[in-house]
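Read the structure below first, then the notes.
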Amino acid sequence: MAASIALARQITRVNINNTKICRLSTVCTDGAFCNASLKRYSDVAPSRSDPEPDVVESHNETLSNAQAHYRYIFPEILPNPDSTRRNKVCEMLERNDMMNRRSVLEIPEFYVGSILAVTASDKYAAGNTSRFVGICIDRGGCGLRAWFILRNVIDDQGIEIMYEMYSPMIREIQMLKLEKRLDESLLYLRDAPNEYSTFDFDMAEVPHVAGDHVPINPLKVKLRSRPWLERYERQDLKGVEDLGLAQKFYDRAKQLATPWEKYDIMKQYRATVTAEDQDEVFRDIHEKQQQIEQARIVRRRRKKLQSNR
Amino acid sequence: MTHSPNTPAPWWTKKLDTSAPEDLTSDNEAFLQDMVEEKYSVDSPLKEGPWERADWTPRSVRCGLICRKIGVIPQWLNNGKKFYTTLLQVADNHVIRYTPPEINRERRRGSRTPNFGIQVVGADSADPRLFKAEYLGLFQEAGVMPKHHLSRFFVTRDAVIQPGTQLNAMHFSVGDFVDCQARTIDHGYQGVVKKWGMKGGPASHGATKFHRKMGATGGGGNMARIWPGKKMPGHMGNEWRILKGLKIWRINTKYNVLYVHGPCVPGPHHCYVRVMDTILPLRKRKGDGPKPPFPTWFADDYKDQEIPEEIFDESLHRFTASSIEFEEEK
């Protein structure tokens, strides 16, 4: 189907309450309105890991390439899209707090599927710190409430820790392996054999050059036999091998499926921050982010010189 | 169960100018805007000199502020504990009028506050063309732009503020405790389960049309009827509620924002909230501690001083500080 459809990109300008809103949309010539490649941070598909398509129209010509990547580096900087709660002053004050925290603690760019090591202050641990290594299986939250879950298996016991990204108890977030998986959330690892979630605490850091494409790990996980925590046949999971269930499960999943949702533009609109607001946010933090990155480069250079000695 | 109406009383001045919109030419439109600017941008000299300021006593009751609830964000203490704070932005407040206790007593017979004066405070300046001439007259004494929202605060005689004074977030200090009063979220017509927390009936096990109902209405016998005040379905929300004893953790002086403890300040986002010094006896200011700015914080007094943009409570973690570390106990 995809081969026979000629995709035409068009920018639609919609007047809502006298505000012009730019939406980048893909119109399939067979009449269906596909918003599969709308540029939103919640999408897995369009990202730094995919090669840029030939026809690229930036929705804002003045936004630099650096700023365009901010929605992948820190998706939590964008405010809660709920229109009843939007307030520019509140968002700006929260963003200032976030950028101040980021200037003190380096929070690396990571995706679900990356392996991180987090060192946090813990009053009840030896040395008053605790270090945990795990694969990021989920992330979410807006602003200072941003969180991520790391999973590992220690002594045959699956352990997950949810860290609040901006909590001052976190001393260090170390990126061990930057990669993505085929799914946005890896909660199915709870029903997979322990081998898929086990990561050595002493594993070596896999170097990643800044600006490179983020590799996608095409691993397909073979789940354990049922019972499972969720009905995975009803979720559109790409990173899981054939579930091997009876046909009745797939039939029921098809009955309950909502294939029309991907055509519901208003639903997507309500769940996203408009391109204009996104640009405003990224422009606001750009200067501070440049300072942070500059300081980081200096620190790294200094560290390298010291280690060479 | 209190429900005070949200509609204006018949004797209040009519507020909004609901006449048909005039089709003005762009020149006339510009001219009218110039007239408005000319009238309100210049700080006219006060008709009378500045009023005398009294000294604060523990029995004094200060004026409050009208704020807007702009959001809820988390903050952390220096021991790592997380909690939520509500951001209340002081919404362009000016004092509009003062009514002394004598007149107040006369007008409000049977009032519970006969010894208090009334301070009328306005929030959010607006284009005068939105309002009727009658409403605009309310602001002539103060000489300020007409406001979208007015509210009154009961003050003691010594806490009187001269009309026309701007009120600032610095009226409060970090570490103060305040009472926040606002109209709660309007839930509309709701059933007993949501409104009164009744349990309803079982979802299954053969329950016939009895899942979210009230059940019995009374006791029979001596009761003889349904007692007035029986909890029943009805309108829920949009009522005045006051949350007392909220600590102010942080103040942003540039944007006039108070960071007040907890996510539960009544009202929906962007609603007006009346913020006053707390009446709770264990949280009130005592005579021994620092005195508050009395009757309010005047910007002119601090013209030469540089006021920090952010003021933090000492136990609040600042995001510019390094991560929290616990020291080894010896």
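From first to last, the protein sequence lines stand for chains X and L.
Using UniProt numbering, the first residue of the first sequence is number 1, and each one after it goes up by one.
Using UniProt numbering, the first residue of the second sequence is number 1, and each one after it goes up by one.
A virtual CB, placed ideally from N, CA and C, is assigned to each residue, including glycine.
CA-to-CA distance, residue 139 of chain L to residue 129 of chain L, given in whole angstroms: Start at 1 with the first residue of the second sequence, and residue 129 of chain L comes out as number 129. Start at 1 with the first residue of the second sequence, and residue 139 of chain L comes out as number 139. C-alpha separation (whole angstroms): 14 Å.
CB of residue 68 of chain L within 8 Å of CB of residue 54 of chain L, strictly: Start at 1 with the first residue of the second sequence, and residue 68 of chain L comes out as number 68. Start at 1 with the first residue of the second sequence, and residue 54 of chain L comes out as number 54. The answer is no: Cβ separation not under 8 Å.
The beta strand (DSSP E) enclosing residue 183 of chain L, as first and last residue numbers: Here residue 183 of chain L is taken as the residue at index 183 of the second sequence, counted from 1. 177-183 is the extent of the beta strand (DSSP E) around residue 183 of chain L.
Beta-ladder partner(s) of residue 94 of chain L, from DSSP: Here residue 94 of chain L corresponds to residue number 94 of the second sequence, with the count starting at 1. Answer is L/122, L/166, bridged to residue 94 of chain L.
Bridge partners - residue 151 of chain X, DSSP secondary structure assignment: Residue 151 of chain X sits at position 151 when you count from the first residue of the first sequence. According to DSSP, which records beta bridges pairwise, residue 151 of chain X is partnered with X/135, X/160.
Residue 136 of chain X, buried or exposed, once every other Cβ within 10 Å from all chains shown has been counted against 16: Along the first sequence, read from residue 1 onward, the residue named residue 136 of chain X stands at position 136. Classification of residue 136 of chain X: buried, given that the 10 Å Cβ count is 16 or more.
7 Å Cβ cut-off: residues of chain X touching residue 219 of chain L: The count along the second sequence starts at 1 and reaches residue 219 of chain L at position 219. Chain X residues near residue 219 of chain L: none, gap ~43 Å exceeds 7 Å.
Buried/exposed call for residue 91 of chain X, threshold 16 Cβ in 10 Å: For the purposes of this step, residue 91 of chain X is taken as residue 91 along the first sequence, with counting starting at 1. So residue 91 of chain X counts as buried.
Nonlocal neighbours in the same chain, by C-beta distance under 7 Å from residue 234 of chain X, ignoring five residues either side: As a working note, residue 234 of chain X is residue 234 in the first sequence. Once the five neighbours on either side are set aside, the close Cβ partners of residue 234 of chain X are 253, 256.
Counted within 10 angstroms of its Cβ, other Cβ atoms place residue 76 of chain L as buried (16 or more) or exposed: If you number the second sequence from 1, residue 76 of chain L lands on position 76. With 16 or more Cβ atoms within 10 Å of its Cβ, residue 76 of chain L is classed as buried.
Cβ neighbours of residue 60 of chain L in the same chain (closer than 6 Å, five flanking residues each side left out): On the second sequence, position 60 is the one that residue 60 of chain L refers to. Contacts found: 156, 158, 159.
Per-residue burial, residue 147 of chain L [other beta carbons within 10 Å of its own, 16 or more giving buried]: Mapped onto the second sequence, residue 147 of chain L falls at position 147. It is buried - the Cβ of residue 147 of chain L has at least 16 other Cβ atoms within 10 Å.
Distance, residue 248 of chain L Cα to residue 284 of chain L Cα: Residue mapping note: residue 284 of chain L aligns to position 284 of the second sequence, counting from 1. Residue mapping note: residue 248 of chain L aligns to position 248 of the second sequence, counting from 1. Using only the alpha carbons, I get a separation of about 13 Å.
Separation of residue 167 of chain L from residue 295 of chain X, as counted between CA atoms: Sequence index remark: in the first sequence, residue 295 of chain X carries index 295 (1-based). Sequence index remark: in the second sequence, residue 167 of chain L carries index 167 (1-based). Roughly 41 Å separates the two Cα atoms.
Runs of alpha helix (DSSP H) wholly within the stretch 265-324 of chain L (minimum 4 residues, chain order): none
Residue 198 of chain L - containing beta strand (DSSP E), residue span: Locating residue 198 of chain L in the second sequence gives position 198, counting from the first residue. Segment: none, residue 198 of chain L is in no beta strand (DSSP E) and carries neither H nor E.
CB contact check: residue 143 of chain X to chain L, cutoff 8 Å: Taking the first residue of the first sequence as position 1, residue 143 of chain X is located at position 143. Yes, contact with chain L.
Assigned exposure category for residue 243 of chain L - 16 Cβ within 10 Å defines buried: Indexing the second sequence from 1 puts residue 243 of chain L at position 243. Counting Cβ neighbours within 10 Å, residue 243 of chain L comes out buried, since at least 16 surround it.
Per DSSP, cross-strand counterpart(s) of residue 251 of chain L: Taking the second sequence and counting its residues from 1, the one referred to as residue 251 of chain L is at position 251. DSSP output for residue 251 of chain L lists L/258, L/311 as bridge partner(s).
Interface flag, residue 36 of chain X vs chain L, CB-CB below 8 Å: Position 36 of the first sequence, counting from 1, holds the residue named residue 36 of chain X. The pLDDT assigned to residue 36 of chain X is 35, lower than 50, so where the model puts this residue is not dependable; a value taken from the coordinates is nonetheless given after this. Output row for residue 36 of chain X: interface = no.
CB-CB length for residue 177 of chain X against residue 83 of chain X, believed under 8 Å: As a position in the first sequence, residue 177 of chain X is number 177, starting the count at 1. As a position in the first sequence, residue 83 of chain X is number 83, starting the count at 1. So it is not a contact: roughly 38 Å between Cβ atoms.
Chain-ordered residues of the stretch 103-121 of chain X with a beta carbon less than 8 Å from chain L: 103, 104, 105, 121
Contact with chain X by residue 76 of chain L, beta-carbon distance below 8 Å: Position 76 of the second sequence, counted from the first residue, corresponds to residue 76 of chain L. Yes, residue 76 of chain L lies at the interface with chain X (some Cβ there is under 8 Å from its Cβ).
Presumed contact (8 Å Cβ cut-off) between residue 274 of chain L and residue 64 of chain L, rounded CB distance: Taking the first residue of the second sequence as position 1, residue 274 of chain L is located at position 274. Taking the first residue of the second sequence as position 1, residue 64 of chain L is located at position 64. The Cβ separation is near 6 Å, so the contact holds.
Presumed contact (8 Å Cβ cut-off) between residue 115 of chain L and residue 100 of chain L, rounded CB distance: By one-based count along the second sequence, residue 115 of chain L stands at place 115. By one-based count along the second sequence, residue 100 of chain L stands at place 100. Between residue 100 of chain L and residue 115 of chain L the Cβ distance is about 11 Å, and since that is not below 8 Å, they are no contact.
Beta-carbon proximity of residue 51 of chain L to residue 291 of chain L, cut-off 8 Å: If you number the second sequence from 1, residue 51 of chain L lands on position 51. If you number the second sequence from 1, residue 291 of chain L lands on position 291. Taking 8 Å as the Cβ cut-off, residue 51 of chain L and residue 291 of chain L do not qualify as a contacting pair.
Other residues of its chain near residue 45 of chain X: CB distance less than 6 Å, five sequence neighbours each side excluded: Taking the first residue of the first sequence as 1, we reach residue 45 of chain X at position 45. Reliability fails at residue 45 of chain X, whose pLDDT of 35 lies under 50, so the model's placement of it is uncertain and no value is given.
Within 9 Å of chain L by C-beta, residues of the stretch 164-188 of chain X in sequence order: 164, 166, 167, 168, 169, 170, 171, 172
Residue 285 of chain X versus X/106, X/195, X/77, residue with shortest Cα-Cα distance: The sequence position of residue 285 of chain X within the first sequence is 285, counting from 1. Residue 285 of chain X has its Cα closest to that of X/77, out of X/106, X/195, X/77.
Residues from the stretch 251-262 of chain L in contact with chain X, defined by Cβ distance under 8 Å: 252, 255, 257
Residue of L/161, L/206, L/268 minimising C-alpha distance to residue 62 of chain L: Mapped onto the second sequence, residue 62 of chain L falls at position 62. Of L/161, L/206, L/268, the residue nearest in Cα terms is L/161.
Residue 120 of chain X - DSSP class collapsed to helix/strand/coil: Counted from its first residue, the first sequence places residue 120 of chain X at position 120. If DSSP states are grouped into helix, strand and coil, residue 120 of chain X belongs with the strands.
Three-state secondary structure assigned by DSSP to residue 140 of chain L: For this step, residue 140 of chain L is matched to residue 140 along the second sequence. Reduced to three states, the DSSP call for residue 140 of chain L is coil.
Buried versus exposed, by CB contacts within 10 Å (16 or more), residue 151 of chain L: In the second sequence, residue 151 of chain L corresponds to position 151, counting from 1. The residue in question, residue 151 of chain L, is buried, as its Cβ has 16 or more Cβ neighbours within 10 Å.
Positions along the stretch 67-94 of chain X whose CB lies within less than 7 Å of some CB in chain L: 84, 85, 87, 89, 90, 93, 94
Rounded straight-line distance, which links the Cα of residue 239 of chain X to that of residue 287 of chain X: Position 287 of the first sequence, counting from 1, holds the residue named residue 287 of chain X. Position 239 of the first sequence, counting from 1, holds the residue named residue 239 of chain X. Residue 287 of chain X and residue 239 of chain X: Cα-Cα distance of roughly 38 Å.
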